[in-house]
Amino acid sequence: MSNLSRLRELVRVAKLYYEENLSEQEIALSCGTSRSSVSRMLAEARRRGIVTISFTSFNREGSAEAKGLRLTYGLKDVVLIPKIGSGSEARLKERLGAAAAAYIAEVIQPGQMVGVSWGTTLLEVALKLRARRVPGVSVVQLNGSVGQGGASYLGAQVLEMIAGKLGAKAVLFPAPAIVGDPALSEALMKDVSITEALEAARGCDVAIFTVGVVDPACVLVAAGYLTANDMRRLQTYGAVGDICSRFFDSQGRICDPELDRRTLGLCLSDLAAIPLKILVAGGRQKLAGILGALRAGYADVLITDEMTASGLEELTKNGMLTPTDVQANAELDGDLLRGGGTSRWA
131 MSNLSRLREL VRVAKLYYEE NLSEQEIALS CGTSRSSVSR MLAEARRRGI
181 VTISFTSFNR EGSAEAKGLR LTYGLKDVVL IPKIGSGSEA RLKERLGAAA
231 AAYIAEVIQP GQMVGVSWGT TLLEVALKLR ARRVPGVSVV QLNGSVGQGG
281 ASYLGAQVLE MIAGKLGAKA VLFPAPAIVG DPALSEALMK DVSITEALEA
331 ARGCDVAIFT VGVVDPACVL VAAGYLTAND MRRLQTYGAV GDICSRFFDS
381 QGRICDPELD RRTLGLCLSD LAAIPLKILV AGGRQKLAGI LGALRAGYAD
431 VLITDEMTAS GLEELTKNGM LTPTDVQANA ELDGDLLRGG GTSRWA
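In our numbering, the protein residues as written are 131 to 476.
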């Protein structure tokens with residue numbers, strides 16, 4: 131084999147491993163070689179400079195913000211990723227996904243039941259998770275996700291990807307996230323498959339979830355469950371975010387009981403009873419939602435970024451908890467920038 135052909139082969143294997151997150155065994159099957167050969171090729175790729183590895187330092191409770199959040203809200207752990215900067219929501223989600231994937235790889239134990247919600251942040255967690263078989267694990271979908279919009283696939287995709295990488299049994303929640311009538315929700319909850327899925331969700335040892343935003347561009351609108359007008363109505367009710375499609379106010383209380391009765395999946399009181407609850411979220415739009423979740427005790431572990439942690443500290447100190455307050459902060463930042471000042475989010 132020529133040197134050029136060898137380099138191409140090394141690049142191909144490295145891309146499959148580092149970019150597509152395939153395991154060495156999966157690459158071996160794809161390339162028609164042995165796992166040991168793949169391992170040697172990856173080592174050669176690193177040695178020849180085809181692959182360079184750098185380490186991102188995830189701050190585990192080392193900063194004043196992390197310690198303050200842990201003590202104020204009784205958290206077991208706080209993981210902060212470095213400041214991303216403004217204007218890159220997708221990049222922030224990718225970094226948060228990587229941090230969360232690394233964290234859950236540490237904490238998931240054999241025989242546990244692991245609950246997962248869905249959405250673009252959880253999709254990044256699933257994509258970044260390394261394949262590592264953990265014996266006896268079940269991965270359970272915490273809420274419904276069968277929808278009619280472009281984002282309706284996210285629930286099953288997140289569930290199947292995480293379960294596949296852990297070598298775990300996948301437990302699907304076979305229902306929509308939200309239905310049009312409380313009576314229909316009650317009828318669906320009598321179905322055996324849905325009842326069993328809900329019992330599995332309630333029995334989870336670990337839950338991994340995010341906080342959604344109350345915005346017309348949110349994933350629940352994209353999936354066809356709610357409309358832009360629904361979001362504006364929820365804002366008037368004081369909604370600051372949602373967990374598992376259940377909308378809550380600045381104190382973590384359900385803000386629209388009628389909508390909540392139409393929502394299928396784990397309720398927030400049952401979520402709070404799960405022994406280890408890992409909240410993965412960041413960004414200015416999610417500040418009030420994260421804070422409401424922390425105040426209500428819905429999280430034991432917070433994985434976020436340094437900029438969001440600073441914002442949470444400021445909101446906690448000043449008592450600013452509503453979407454209006456967050457918007458006011460954004461407008462103040464804009465005034466500062468136009469006047470030559472420095473934004474706290476820059």
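Note that beta-carbon positions come from the ideal geometry of N, C-alpha and C, so glycine has one too.
- Look at K407 here: in three-state DSSP terms it is strand.
- DSSP places S268 within a strand segment (E or B) once states are collapsed to three.
- By the neighbour-count definition (other C-beta atoms within 10 Å, threshold 16), S380 is a buried residue.
- A distance below 8 Å separates the beta carbons of G245 and C334.
- Scanning its chain for C-beta atoms nearer than 7 Å, with the 5 sequence neighbours on each side dropped, one finds around Q155 the residues R165, in chain order.
- Between V410 and A230, the C-beta gap is smaller than 8 Å, which places the two residues in contact.
- Scanning the stretch 278-360 for uninterrupted beta strand (DSSP E) segments of 3 residues or longer gives 299-301 and 336-339, listed from N- to C-terminal end.
- Put simply, of V208, A286, L199 and L140 the residue whose alpha carbon is nearest the alpha carbon of I433 is V208.
- The continuous beta strand (DSSP E) containing T434 extends over residues V431 to D435.
- For R376, the enclosing beta strand (DSSP E) covers residues R376 to F378.
- Of the candidates E443, L445, E444 and T438, T438 places its Cα closest to the Cα of P212.
- By the criterion of at least three beta-carbon pairs nearer than 8 Å, the stretch 310-324 is in contact with the stretch 388-401.
- The Cβ-Cβ distance between G241 and V341 does not fall below 8 Å.
- Excluding its 5 nearest sequence neighbours in each direction, G371 has C-beta neighbours in its own chain below 8 Å: V341, G342, V343, V344, F377, F378, K416, A418, G419, I420, G422 and A423, listed in chain order.
- Counting every other CB atom within 10 Å of its CB across the protein chains shown gives Y148 a total below 16, marking it as exposed.
- The beta carbon of T366 lies closer than 8 Å to none in the same chain, with the five residues before and after it left out.
- The continuous beta strand (DSSP E) containing D207 extends over residues D207 to I211.
- One Cα belongs to P405, the other to N448, and the distance between them is close to 31 Å.
- The alpha carbon of V141 has as its nearest neighbour, out of F339, A220, R200 and R176, the alpha carbon of R176.
- Boundaries of the beta strand (DSSP E) harbouring I373: G371 to I373, taken from the DSSP string.
- DSSP, reduced to helix, strand and coil, places G395 within a strand of the structure shown.
- The residue among S399, L253 and I408 with its C-alpha nearest the C-alpha of K223 is L253.
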